[in-house]
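Here's the structure we're looking at; comments come further down.
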Amino acid sequence: MSQFFRIHTDNPQKRLITQAAEIIRNGGVAVFPTDTNYGLGCLVSNRKGVERIMKIKRLPSSHQLSILVPDLSGISRYARVNNQTYRLLKRFLPGPYTFILDSTREVPKSILPKRKTIGLRIPDHAICLALLQELNEPLLSTSFRLPDEEILSDPEQIAEKIQGRVELVIDGGILPEKPSTIVDMTGGAPVVLRAGSGSPEVFK
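Position in the sequence shown (first residue = 1) + 1081 = the working numbering.
Structure, rendered in structure tokens:
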């Protein structure tokens, strides 16, 4: 049975963040709020968790999931970032953007498709950032959207839909239905691959 935590969106309760982190550390898959929509994720080192997420969403093995980190130093660990790219990331993160970057060897091979790139995010959301800091390890994440269904913004509806298939659902209130804006930085200049919550106009 999935656990359901109501956590304060501005001042996350330390006790609940600690409990949530423990569930995820023990192999749990969780639904949690971000600054865009709800995410479905697990620890980046949790290979079985990744397989479960792919199965829940019926994603092909080539699908690129995103890594959520709490700060820019986390990005530099998992991606190759030159000075120009770093300045751009610093300008837009934390925020509703996912940046596609060339990956480093720190990215577990079990989650990296044949292509050598990875999507990285720093969500501007107190609950998600508190969870990442408590875990001290990145989350592998994808937008919570079940196959052939629209994105859900209500955590109680999400809990009903996913009951028993994840260990935890964190209630962070009603969220937007738009995912992050995806920006490819692998060619040097930013290229918007998907327009979402973050304005794509700033990269034109």
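Just so it is clear, CB atoms sit at the ideal spot from N, CA and C, and this is done for glycine as well.
Is the CB-CB distance between residue i and residue j below 7 Å?
i	j	result
Ile1137	Leu1249	no
Leu1221	Pro1114	no
Val1110	Gly1130	yes
Ser1333	Thr1179	Outside the shown range of the chain (1082 to 1285) lies residue 1333, about which nothing can therefore be said.
Lys1259	Ser1280	no
Thr1166	Met1266	yes
Thr1090	Gly1254	yes
Ala1160	Leu1121	no
Phe1086	Ala1101	yes
Val1247	Val1112	yes
For residue i, which three-state DSSP category applies?
i	result
Ile1088	coil
Leu1210	helix
Leu1227	coil
Leu1153	helix
Ser1143	coil
Thr1063	Residue 1063 lies beyond the residue range present for the chain, which begins at 1082 and ends at 1285; the question has no answer from this structure.
Arg1161	coil
Pro1114	strand
Ile1255	coil
Ile1239	helix
Ser1222	strand
Ile1203	coil
Leu1170	helix
Ile1148	strand
Leu1216	helix
Within the continuous beta strand (DSSP E) that includes residue i, where are the two ends?
i	result
Ile1134	Looking at the DSSP string, Ile1134 is not in any beta strand (DSSP E); the run it does join, the alpha helix (DSSP H), is Arg1128 to Lys1138.
Arg1275	Val1272 to Arg1275
Ile1263	Thr1262 to Asp1265
Gly1269	Careful: Gly1269 lies outside any beta strand (DSSP E) and carries neither H nor E.
I think residue i touches residue j, with their Cβ atoms under 8 Å apart; what is that distance to the nearest whole Å?
i	j	result
Gly1108	Asn1127	6 Å
Thr1117	Ser1261	5 Å
Starting from residue i, trace the alpha helix (DSSP H) in both directions and tell me its first and last residue.
i	result
Phe1284	Unbroken run through Phe1284: none, as it is neither H nor E.
Arg1106	Lys1095 to Arg1106
Taking 6 Å as the cut-off, is the C-beta of residue i nearer than that to any heavy atom in the ligand HEM?
i	result
Ile1105	The model on display carries no ligand, and the ligand HEM is accordingly not part of it.
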